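Here is the structure we will look at.
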Amino acid sequence: MPIQVARIINAPPGPVWAILTDIQQWPHWGPSVRAVQCADRHICKGSSGRVLTALGFWAPFVITEFEEGRYWCWRVFGIPATGHRVESIGEDRCRLLFEIPTLATPYAVVCKIAMKRIAHLSKADEV
């Protein structure tokens, strides 16, 4: 069962979702992502490509689950990786959740940094 890291953001879910699914935004919020190559600018189920990691190597990925406006997860190097979820909790507030495989629990620190960056990119005040 994955662990969850969550943050409430004072922004509607739409802009937060747009940041999460636009590959051009990934290097701006993802501490472990320096660049992305993918045929789809906005991911969907089955989108695939590769990310240039902060360690300097390319990692292949595929989007394995996708629910428009709500959830996506992926496999990196064929291994189940982070899930990304946005939940509306009011007109101008949402909850951003990252689901992390149990074996990758230390990655929660990276996810918290990413959430802070996403809140900033959405031009929202964090809670």
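Numbering of the sequence shown is given in this note's numbering, commencing with residue 617 and proceeding in unit increments.
Ideal Cβ placement from N, Cα and C applies to all residues, glycine included.
For clarity, every value in this text was computed on a predicted model and none was experimentally measured.
>> Assuming contact is defined by CB atoms lying nearer than 8 Å, are residue 632 and residue 734 in contact in what I supplied?
In response: yes
Inset, instruction - List the whole-angstrom C-beta distance separating residue 645 from residue 652, where the pair is believed to meet the contact cut-off of C-beta under 8 Å. - result: The pair is not a contact, with the Cβ atoms about 12 Å apart (cut-off 8 Å).
TODO: Provide the residue(s) that pair with residue 716 in DSSP beta bridges, ordered along the chain.
DONE: 619
* Inter-residue Cα distance where the pair is residue 712 and residue 626 -> 11 Å
What three-state label does DSSP hand residue 689 in the structure shown?
strand
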